[in-house]
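J.:
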Amino acid sequence: MFAYKPKPPKPLLSVPHKIIRDPLLPSTPTFHSLDQTKQSHARIIVSGLARDAKLVAHLLLSLALSPSPPLHYSLSIYNHFNYPSVFATNNMIRCFAKSHSPRQSVVLYSSMLRRYAKPNNHTFTFLFQACSEALAVEEGAQIHAHVLKFGFGADLFIRNALLNFYSACFRLECSRKVFEESLGSRDLVTWNTMLACFVRDGQMGVAEKLFDEMPRRDVISWSTMITGYVQNGNLEEALEFFRDVREKGLRVNEAMLVSVLSASAQLGLLEHGRLVHSLAESLNFPMTTSLGTSLIDMYAKCGCIEQSKILFNNMRQKDIWTWNVMICGLATHGLANEALALFERFLNKGFAPATVTFIGVLSACSRAGLVREGRHYFKLMKENYGIQPEMEHYGCMVDLLGRAGFVDEAVELIEKMQVSPDPVLWATLLGACKIHGFSELGEEIGNKLIQLDPTHSGHYVQLSTVYAKAKKWEEVIRVRRLMSERNTNKAAGWSLIEAQGKVHKFVAGDRDHESFKEIHKMLETIGTRIAEAGYSPNISSVLHDIGDEEKEVVIKEHSERLAIALGLLVTPDGDCIRVVKNLRVCEDCHEVSKIISKVFEREIIVRDGSRFHHFKEGTCSCHDFW
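According to numbering that gives the first Met the number 0, the stretch in the sequence shown is residues 0 to 625, in order.
#1: Excluding sequence positions up to five away, which residues of its chain have a Cβ less than 7 Å from the Cβ of Ser365?
#2: Could you tell me the distance, in whole angstroms, from the CA atom of Leu274 to the CA atom of His332?
#3: Where DSSP assigns a beta bridge to Arg42, which residues make up the other side?
#4: Leu495 bridges to which residues according to DSSP?
#5: Indicate the three-state DSSP secondary structure (helix, strand or coil) for Glu586 in the structure shown.
#6: Within 10 angstroms of the Cβ of Trp221, are there 16 or more other Cβ atoms? Answer buried if so, exposed if not.
#7: Can you tell me the Cα-Cα spacing of Val106 and Gly232, whole angstroms?
#8: Kindly list the residues whose CB is nearer than 8 Å to the CB of Gly492, restricted to its own chain and excluding five residues on each side of it in sequence; keep chain order.
#9: Would you kindly report the start and end of the unbroken alpha helix (DSSP H) that includes Ile304?
#10: Roughly how many angstroms separate the alpha carbons of Arg175 and Phe149, rounded to a whole number?
#11: Label Lys433 either buried or exposed according to how many other C-beta atoms from any shown protein chain fall within 10 Å of its C-beta, with 16 as the threshold for buried.
#12: Identify whether Cys196 lies in helix, strand or coil by the three-state DSSP scheme.
#13: Per DSSP, what kind of secondary structure is His613 in: helix, strand or coil?
#14: By the three-class DSSP mapping on this structure, what secondary structure does Ile604 have?
#15: Can the beta-carbon of His392 be found closer than 8 Å to that of Ala426?
#16: Just the C-alpha distance for Phe599 and Glu531, rounded to the nearest angstrom, thanks.
#17: Helix, strand or coil: which one does DSSP assign to Cys432?
#18: Looking only at its chain, what residues have a beta carbon closer than 8 Å to the beta carbon of Gly368, apart from the 5 residues adjacent to it on each side?
#19: State the Cα-Cα distance for the pair Leu440 and Glu408, rounded to the nearest angstrom.
#20: Strictly by DSSP, which residues pair up with Cys693?
#21: Is it the case that the Cβ atoms of Val578 and Ser456 are separated by a distance below 8 Å?
#22: Output the boundary residues of the alpha helix (DSSP H) element that contains Trp221.
#23: Would you check if there are 3 or more beta carbon pairs closer than 8 Å linking the region 518-531 to the region 288-296?
#24: Distance check for Lys415 and Pro214, CA to CA, integer angstroms please.
#25: Measure from the alpha carbon of Leu60 to the alpha carbon of each residue in Asn159, Leu33 and Ser46, then state which is nearest.
#26: To which residues of the same chain is Ser73 closer than 6 Å at the C-beta, ignoring the five residues directly before and after it?
#27: So for Ala351, helix, strand or coil by DSSP?
#28: For a test of the three-state rule: what should DSSP assign to Ile386, helix, strand or coil?
#29: So what's Pro420 in DSSP terms, helix, strand or just coil?
#30: Compare the Cα-Cα distances from Thr354 to each of Asn383, Leu48 and Val370 and report the closest residue.
#31: Which first and last residues belong to the alpha helix (DSSP H) in which Val55 is found?
#32: By how many angstroms is the C-alpha of His613 removed from the C-alpha of Glu442?
#33: Indicate the three-state DSSP secondary structure (helix, strand or coil) for Lys550 in the structure shown.
#34: Return the chain-ordered list of same chain residues with a C-beta closer than 6 Å to the C-beta of Ser181, the five sequence neighbours on each side being excluded.
#35: Give the straight-line distance between the Cα atoms of Leu234 and Arg250, rounded to the nearest whole angstrom.
#36: Please state whether DSSP places Asp296 in a helix, a strand or coil.
What follows is the structure, encoded as structure tokens:
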């Protein structure tokens, strides 16, 4: 937080020379380990200096500088003062601020005032740190009043601490007021803190304006903007900002790398993620838990699960999030048995699973059809760990049970939910009804979904498919007409592929790409070769009221096929083609991708809106279960 460096104490004539120069008790604020501080404490006692208030107060300073001060030990030292100085009290306040009881800092401050001891500027910086940690809005506002009362209103460090306090407590207008009041008392920390306030509140437009107005910027300024863009879903802007940082030759920090890795992961940009990885290595960044976990997540989400495994196994220090990322990564790639085995190792290490841990475990079961295991872990989550299922857990279970044919059990699970099921859950169950021919239940759910969200095209599509499977053609026509009358638009599907140092984005029937002529020529080649391999189009996903021949034209220009065609054109023979798709891959494109992988002898990895598909030698890693 806002540390300070008090003047070193004057040498005491009674202190032996070796004690003054002892590195375990420096005269300037330097953090030492608890063992070193205790050794210094022991030497003070042995030397008969235990009553030297100034010397003992510096023991408290050493403890206060620790990231996690031992509160019991710090208090035992502080309580031996008959008349603790402001310096000693400030350091005890600082210890409380870093503890699990930050509000005790305010209690100690109140006691200080009752002793008629006058606080100094350092007192308030530590108090605001404590109030930030405790989200103690009322106490912090009262301390703000005391700042003005004691005449410290213009102190730069206090104002920065005050800005941070209001930001931590989500009082943006208060932060803005403090910032605007301090026109003559601002430094880089002031600007960065205000920038972080707007970013935290999601006001990226205001943050951009403030960033442009900053008289000076540092790595924190750039890192704050990049992190803000990622947290608010502006992934392309984050990568653009990072590109500016590199072009300007500015220093990068770990937070920046972690944020950019997150953007690369979400967009599925493997080459960009690799660039960040190589940059971290070239700059000799230590493989911290945060950086290592981000790299594991990036490689998993970009289709390189084997690289994720290597990084995970080589990491010396792993926290619960490292394990969670690896479990979820394995689940997304359909490696259910490995995900469950890793979860058991996780438990044997003594970790306590969190909500997201079980999302990974249950999604692994769902994607592999492991019904018995899914039931076991769903029960384990509630009974052994007291984790109440959230919508994502129910979604995994409904999908697992529904796909396996246990539709009645899935319905029962939904009916017993303590919260109202969201439309996604009903849509999942509707998908199961479509697969297993539960036309009456499907009809009931489909109509319910249309009532809940009449603008969502997917509900009409699924319901019409249920009717079609039951050969209720009049109902199919009615639903499609209703869909047309209500002007529902199917969510625009797109696919991304990294090639030749660029990111190429396609939508269905795309004609805007600079190489569209070559791409469409490749599509013709693909069509010829897969037809020779026995391919027959499945046009059921095309709902337009057009002839079958036109439907075949529409389906062969789906966005992932355009991306795959470009990959075949520009990547070397034998290289893996990687595609990221925002929607679930359709049945026909799934079949085509399998055949392409065989006839062109290419591995194709597609990340769709649900999972990863590794197409190789005519088969898919999902075993057609997705």
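All residues carry an ideal CB built from backbone N, CA and C; glycine is no exception.
T.: Per the coordinate set shown:
#1: For this step, residue 365 is matched to residue 366 along the sequence shown. Around Ser365: Gly373, Cys395, Asp398 and Leu399.
#2: Residue mapping note: residue 274 aligns to position 275 of the sequence shown, counting from 1. Residue mapping note: residue 332 aligns to position 333 of the sequence shown, counting from 1. Going by the C-alpha atoms only, they are around 23 Å apart.
#3: If you number the sequence shown from 1, residue 42 lands on position 43. Beta-bridge pairing by DSSP links Arg42 to no other residue.
#4: By 1-based counting over the sequence shown, the position of residue 495 is 496. In DSSP, Leu495 forms a bridge with Lys504 and Val579.
#5: Indexing the sequence shown from 1 puts residue 586 at position 587. Correct three-state label for Glu586: helix.
#6: Start at 1 with the first residue of the sequence shown, and residue 221 comes out as number 222. Buried, because 16 or more other Cβ atoms sit within 10 Å of the Cβ of Trp221.
#7: Counting from 1 along the sequence shown, the entry for residue 106 is found at position 107. Counting from 1 along the sequence shown, the entry for residue 232 is found at position 233. Rounded to the nearest angstrom, the gap between the Cα atoms of Val106 and Gly232 is 41 Å.
#8: Stepping through the sequence shown from its first residue, residue 492 is reached at position 493. Hits under 8 Å: Val506, Ala507, His557, Ser558, Lys580, Asn581 and Leu582.
#9: As a first step, residue 304 is located in the sequence shown; it is residue number 305 there, counting from the start. First-last of the alpha helix (DSSP H) with Ile304: Ile304 to Asn313.
#10: If you number the sequence shown from 1, residue 175 lands on position 176. If you number the sequence shown from 1, residue 149 lands on position 150. Cα-Cα distance, rounded: 23 Å.
#11: Locating residue 433 in the sequence shown gives position 434, counting from the first residue. Buried, by the Cβ-count rule.
#12: To locate residue 196, count along the sequence shown from 1; it is residue 197. Cys196 falls in the helix class under three-state DSSP.
#13: As a first step, residue 613 must be located in the sequence shown, where it is residue number 614. In the structure shown, His613 sits in a strand (DSSP, three-state: E or B).
#14: Position 605 of the sequence shown, counting from 1, holds the residue named residue 604. If DSSP states are grouped into helix, strand and coil, Ile604 belongs with the strands.
#15: Translated into positions along the sequence shown, residue 392 becomes position 393. Translated into positions along the sequence shown, residue 426 becomes position 427. In this structure, Ala426 does not lie closer than 8 Å to His392 by Cβ.
#16: Here residue 599 is taken as the residue at index 600 of the sequence shown, counted from 1. Here residue 531 is taken as the residue at index 532 of the sequence shown, counted from 1. Roughly 12 Å separates the two Cα atoms.
#17: Numbered from its first residue, the sequence shown carries residue 432 at position 433. Looking at Cys432 - three-state DSSP - the assignment turns out to be helix.
#18: As a working mapping, residue 368 is identified with position 369 in the sequence shown. Non-local beta-carbon contacts of Gly368 in its own chain, meaning distances under 8 Å to residues more than five positions away in sequence, involve Leu399, Arg402, Ala403 and Phe624 in chain order.
#19: As a working mapping, residue 440 is identified with position 441 in the sequence shown. As a working mapping, residue 408 is identified with position 409 in the sequence shown. If you take the alpha carbons of Leu440 and Glu408, they lie about 13 Å apart.
#20: Only positions 0 to 625 of the chain appear in the structure, and residue 693 is not among them; the question remains open.
#21: Your numbering for residue 578 matches position 579 in the sequence shown. Your numbering for residue 456 matches position 457 in the sequence shown. No. Outside cutoff.
#22: The residue labelled residue 221 in the question sits at position 222 within the sequence shown. Its alpha helix (DSSP H) spans residues Val218 to Gln230.
#23: no
#24: Within the sequence shown, the letter at position 215 stands for residue 214. Within the sequence shown, the letter at position 416 stands for residue 415. The straight-line gap from Cα to Cα measures roughly 59 Å.
#25: Translated into positions along the sequence shown, residue 60 becomes position 61. Selected option, being the one with the closest Cα: Leu33.
#26: For the purposes of this step, residue 73 is taken as residue 74 along the sequence shown, with counting starting at 1. Around Ser73: Leu62 and Cys94.
#27: If you number the sequence shown from 1, residue 351 lands on position 352. Here Ala351 sits in coil by DSSP.
#28: As a working mapping, residue 386 is identified with position 387 in the sequence shown. If DSSP states are grouped into helix, strand and coil, Ile386 belongs with coil.
#29: Numbered from its first residue, the sequence shown carries residue 420 at position 421. Coil, per DSSP.
#30: Position 355 of the sequence shown, counting from 1, holds the residue named residue 354. Looking from the CA of Thr354, the closest CA among Asn383, Leu48 and Val370 belongs to Asn383.
#31: Residue 55 sits at position 56 when you count from the first residue of the sequence shown. Note, Val55: alpha helix (DSSP H), Ala52 to Ala63.
#32: Reading the sequence shown from its first residue, position 443 is the one you call residue 442. Reading the sequence shown from its first residue, position 614 is the one you call residue 613. The straight-line gap from Cα to Cα measures roughly 34 Å.
#33: Within the sequence shown, the letter at position 551 stands for residue 550. With a pLDDT of 42 at Lys550, under the threshold of 50, the modelled position of this residue cannot be trusted; read the value that follows with caution. If DSSP states are grouped into helix, strand and coil, Lys550 belongs with the helices.
#34: Numbered from 1 along the sequence shown, position 182 holds the residue referred to as residue 181. Within its own chain, the residues whose Cβ lies closer than 6 Å to the Cβ of Ser181, once the five positions on either side in sequence are excluded, are Arg158, listed in chain order.
#35: Locating residue 234 in the sequence shown gives position 235, counting from the first residue. Locating residue 250 in the sequence shown gives position 251, counting from the first residue. Distance from the CA of Leu234 to the CA of Arg250, rounded to the nearest whole angstrom, comes to 21 Å.
#36: One-based indexing of the sequence shown puts residue 296 at position 297. Three-state result, Asp296: helix.
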